[in-house]
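Participant:
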Amino acid sequence: MAAMKRIYLDHAATTPMDPEVLRAMLPFFSDAFGNPSSIHSFGQETRAFVEEARDKIATLIGARSEEIVFTGGGTEADNFAIKGVAFANEGKGDHVITTSIEHHAVLESCKFLERRGFRITYLPVGIDGLVDPQDVKKAITDRTILISVMHANNEVGTIEPLAEIGKIAREEGIYFHTDAVQTVGHIPVNVDELGIDLLAMSAHKLYGPKGVGALYIRKGTKLIPFIHGGEQERRRRAGTENVPAIVGFGKAAEIAQREMDSVAKHLIHLRGKLIEGMTERIEHIHLNGHPTRRLPNNVNMSIEFVEGESMLLNLDLEGIAASTGSACSSSSLEPSYVLLAMGFPQELAHGSLRFSMGRETTEEDIDRVLEVLPGIIARLRAMSPMLKSIR
Amino acid sequence: MYSEQVMEHFKNPRNVGEIENPDGIGHVGNAVCGDVMELYIRVEDGIIVDAKFKTFGCGAAIATSSMVTELVKGKKVEEALKISNRAVAEALGGLPSIKMHCSVLAEEALKSAIDDYLNKLKRGQSERAA
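Here's what the structure looks like:
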């Protein structure tokens with residue numbers, strides 16, 4: 014039997030590293046090993062590359078180099094932003110506004126603060142996953158020190174109205190943080206246009222290496238350092254820089270900037286093809302998230318009368334990698350809190366399927382999904398006791 | 082994450098479907114939790130001669146449904162009542178610990194189908210007596 018071509022449609026989880034990124038990183042695992050903090054030539058040559066990477070990342074989001082702090086990933090960047098601002102501004106207030114559909118990196122950081130006496134407002138979202146900027150405005154009190162709203166949701170792909178929220182935050186003099194892990198390198202992000210003070214990003218979501226991310230911190234923002242123990246990153250994040258990963262992140266940012274427009278165009282075309290194809294071929298399915306204000310690569314569908322993990326396993330047997338909001342695929346056995354927050358009944362949350370495409374995804378890949386998925390769903394539905402209720 | 086046996090039963094589930102006018106039906110779980118199992122049995126002379134299932138659920142839920150129907154076929158009702166969730170899981174070469182509740186559901190579906198059968202039997206007997 015010929016080896017089956019595997020199709021990876023889970024780019025929201027992680028992306029394959031670009032070979033160009035790997036090539037850029039390789040010297041820093043061997044010859045160029047110097048500690049960037051060292052005065053000698055070994056240190057100075059790696060320092061130059063770390064700063065070049067910082068420049069590239071700053072350029073990608075319209076920031077200044079000195080406003081970028083490298084971290085150990087997106088989760089660390091979110092933790093740093095939220096706890097860092099909260100603890101540095103305790104004298105000013107104790108209230109944080111966020112949303113009910115944030116990534117756990119934000120939600121759990123907020124819950125941590127809650128246990129320490131902070132008050133957190135978790136804003137609701139509409140059925141399309143959108144946060145209403147007026148809700149943000151109404152939630153603000155004279156004790157509010159931080160607003161944190163994700164740029165785009167990782168599950169349903171809805172892109173939030175950050176510019177409007179940023180404007181409100183600016184008017185009220187409140188720091189505005191965004192988890193932009195799903196958007197940086199994929200759609201245009203400009204910290205000035207969006208009115209952002211803190212922005213978290215992650216390299217492995219844009220074809221870079223795992224284990225490295227960054228936090229954009231607008232000049233003048235008050236926050237306490239997250240990791241203590243050295244002078245690195247302007248004393249905001251101690252520890253010897255992960256030079257190979259940082260160089261890889263910089264290269265990934267450079268490629269993303271170069272290819273963003275053409276890749277987004279390609280993905281929006283494939284997204285339309287997949288959504289239309291599924292809707293034509295399969296009954297009782299619905300698109301989750303906003304129809305147009307969504308990530309170019311995200312297709313999230315609720316498929317009635319079938320459970321997500323069983324669809325995922327069947328797709329995997331066909332060599333297709335996707336993801337689901339079903340409880341059965343999570344260790345918590347809770348279905349997607351994002352879909353529940355959007356007002357979906359539990360049954361539909363269990364039957365959600367997410368395809369997140371990438372720049373290597375082809376028309377043929379989508380054709381293959383459309384070829385095998387209807388059969389999988391038909392087979393599972395034939396097995397499902399849920400279908401009788403609508404017969 | 083799943084054993085070969087689980088994947089085998091997931092890929093080729095045995096005894097999928099319904100039995101017309103079954104002697105017992107078990108209906109357990111609910112869509113809110115993400116698992117619903119329906120188990121049908123046909124009983125002749127105190128022996129379960131046929132069992133079928135319909136399941137909405139994950140890979141483990143489907144595999145345990147399939148396995149439990151296999152295990153009960155040909156068994157006396159009182160023997161079938163002794164089939165535990167552990168026995169179902171063991172017959173499948175084990176389940177990830179987070180999925181053990183699926184085997185509990187399979188056991189409950191079987192017990193509920195047998196209860197239904199025994200209740201019908203009792204009702205039939207009392208009707209005849211009256």
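For the protein sequence lines, the chains are A and B, in the order given.
Letter by letter, the first sequence follows residues 14 to 404 in our numbering.
Letter by letter, the second sequence follows residues 82 to 211 in our numbering.
Note that CB positions come from ideal geometry on N, CA and C, so glycine has one too.
#1: Between the Cα of Thr84 of chain A and the Cα atoms of A:Asn167, A:Ala101, A:Glu121 and A:Val63, which residue gives the shortest distance?
#2: Tell me the rounded alpha-carbon separation between Asp126 of chain B and Asn102 of chain B.
#3: Name the residue from A:Val197, A:Leu326, A:Val204 and A:Gly198 whose alpha carbon lies nearest to the alpha carbon of Lys180 of chain A.
#4: Going along chain A, which residues have a C-beta under 8 angstroms from Ile122 of chain B?
#5: Using the rule of at least 16 other Cβ atoms within 10 Å of the residue's Cβ for burial, across every protein chain shown, is Val87 of chain B buried or exposed?
#6: Compare the beta carbon distance of His117 of chain A and Arg132 of chain A with 8 angstroms and say whether it is the shorter of the two.
#7: Establish whether the CB of Glu89 of chain B and some CB of chain A are separated by less than 8 angstroms.
#8: Over the uninterrupted beta strand (DSSP E) stretch that includes Ser365 of chain A, give me the two end residues.
#9: Would you report the Cα separation of Leu120 of chain B and Ile106 of chain B, rounded to the nearest angstrom?
#10: Residues in the region 104–115 of chain B with C-beta within 8 angstroms of chain A's C-beta atoms, listed in sequence order?
#11: With 8 angstroms set as the bound, which would you pick, yes or no: does the beta-carbon of Ser365 of chain A sit closer than that to a beta-carbon of chain B?
#12: Can you tell me whether Ile195 of chain B is helix, strand or coil according to DSSP?
#13: Using 10 angstroms around the beta-carbon of Ile129 of chain B, count the other beta-carbons present and answer buried if the total reaches 16, otherwise exposed.
#14: Within the continuous beta strand (DSSP E) that includes Thr374 of chain A, where are the two ends?
#15: On a Cα-Cα basis, can you pick out the residue from A:Arg19, A:Arg67 and A:Met17 that is closest to Asn417 of chain A?
#16: With a cut-off of 8 angstroms on the beta carbons, I'd call Leu186 of chain B and Val109 of chain B a contact; round off their distance for me.
#17: According to DSSP, is Arg404 of chain A helix, strand or coil?
#18: Taking all protein chains shown into account, decide if Met82 of chain B is buried (16 or more other Cβ within 10 angstroms of its Cβ) or exposed.
#19: When the cut-off is 8 angstroms and only beta carbons count, does Pro348 of chain A lie next to chain B?
#20: Output the distance between the C-alpha atoms of Pro309 of chain A and Gly332 of chain A, rounded to the nearest integer angstrom.
#21: Does any residue of chain A bring its CB to less than 8 angstroms from the CB of Val97 of chain B?
#22: Report yes if the C-beta distance between Glu80 of chain A and Tyr188 of chain A is below 8 angstroms; otherwise report no.
#23: Does the beta-carbon of Pro32 of chain A have 16 or more other beta-carbons within 10 angstroms, so that it is buried, or is it exposed?
#24: For chain B, check one thing: does any of its Cβ atoms lie closer than 8 angstroms to the Cβ of Phe318 of chain A?
#25: State the beta-bridge partners of Val119 of chain A as determined by DSSP.
#26: Which of helix, strand or coil does DSSP assign to Lys96 of chain A?
Facilitator: Inspection of the coordinates gives the following:
#1: Here residue 84 of chain A refers to the residue found at position 71 of the first sequence. Comparing Cα positions, the closest option is A:Val63.
#2: Taking the second sequence and counting its residues from 1, one reaches residue 126 of chain B at position 45. Taking the second sequence and counting its residues from 1, one reaches residue 102 of chain B at position 21. Straight-line Cα distance between these residues: approximately 17 angstroms.
#3: Working through the first sequence from its first residue, we reach residue 180 of chain A at position 167. Of all alpha-carbon atoms in A:Val197, A:Leu326, A:Val204 and A:Gly198, the one lying nearest the alpha-carbon of Lys180 of chain A is that of A:Val204.
#4: In the second sequence, residue 122 of chain B corresponds to position 41, counting from 1. Those do not exist, as Ile122 of chain B stays about 15 angstroms from chain A at its closest Cβ, beyond 8 angstroms.
#5: Mapped onto the second sequence, residue 87 of chain B falls at position 6. With 16 or more Cβ atoms within 10 Å of its Cβ, Val87 of chain B is classed as buried.
#6: Counting from one through the first sequence, the residue named residue 117 of chain A turns up at place 104. Counting from one through the first sequence, the residue named residue 132 of chain A turns up at place 119. Not closer than 8 angstroms, so no.
#7: Position 8 of the second sequence, counted from the first residue, corresponds to residue 89 of chain B. Chain A contact via Cβ: absent.
#8: Position 352 of the first sequence, counted from the start, is the residue given in the question as residue 365 of chain A. Run containing Ser365 of chain A: Ser365 to Ser369, per the beta strand (DSSP E) assignment.
#9: As a first step, residue 120 of chain B is located in the second sequence; it is residue number 39 there, counting from the start. As a first step, residue 106 of chain B is located in the second sequence; it is residue number 25 there, counting from the start. When rounded, the distance between both Cα atoms is 6 angstroms.
#10: His108, Ala112, Val113, Cys114 and Gly115
#11: Translated into positions along the first sequence, residue 365 of chain A becomes position 352. Chain B contact via Cβ: absent.
#12: Here the question's residue 195 of chain B lines up with position 114 in the second sequence. Helix.
#13: Numbered from 1 along the second sequence, position 48 holds the residue referred to as residue 129 of chain B. Classified as buried, Ile129 of chain B has 16 or more neighbouring CB atoms from the shown chains inside 10 Å of its CB.
#14: Translated into positions along the first sequence, residue 374 of chain A becomes position 361. First-last for Thr374 of chain A: undefined, no H or E at that position.
#15: The structure shown does not extend to residue 417 of chain A, since chain A spans only 14 to 404, so no value can be given for it.
#16: Here residue 186 of chain B refers to the residue found at position 105 of the second sequence. Here residue 109 of chain B refers to the residue found at position 28 of the second sequence. That belief holds up - the Cβ atoms of Leu186 of chain B and Val109 of chain B are roughly 6 angstroms apart, short of 8 angstroms.
#17: Here the question's residue 404 of chain A lines up with position 391 in the first sequence. Its pLDDT being 44, under 50, Arg404 of chain A is placed unreliably by the model, and nothing is read from it.
#18: The sequence position of residue 82 of chain B within the second sequence is 1, counting from 1. Exposed: under 16 other Cβ atoms inside 10 Å.
#19: In the first sequence, the residue the question calls residue 348 of chain A occupies position 335. With 8 angstroms as the cut-off, Pro348 of chain A counts as an interface residue toward chain B.
#20: In the first sequence, the residue the question calls residue 309 of chain A occupies position 296. In the first sequence, the residue the question calls residue 332 of chain A occupies position 319. Computed Cα separation, rounded: 23 angstroms.
#21: Here the question's residue 97 of chain B lines up with position 16 in the second sequence. Yes, Val97 of chain B lies at the interface with chain A (some Cβ there is under 8 angstroms from its Cβ).
#22: Position 67 of the first sequence, counting from 1, holds the residue named residue 80 of chain A. Position 175 of the first sequence, counting from 1, holds the residue named residue 188 of chain A. Their beta carbons are not under 8 angstroms apart, which means Glu80 of chain A does not touch Tyr188 of chain A by this criterion.
#23: Taking the first sequence and counting its residues from 1, one reaches residue 32 of chain A at position 19. Answer is exposed; the Cβ neighbour count stays below 16.
#24: Against the first sequence, residue 318 of chain A aligns to sequence position 305. Under the Cβ criterion of 8 angstroms, Phe318 of chain A is counted among the residues facing chain B.
#25: Position 106 of the first sequence, counting from 1, holds the residue named residue 119 of chain A. Paired residues: none, contrary to the question.
#26: As a position in the first sequence, residue 96 of chain A is number 83, starting the count at 1. Shown here, Lys96 of chain A sits in a helix according to DSSP, grouped into three states.
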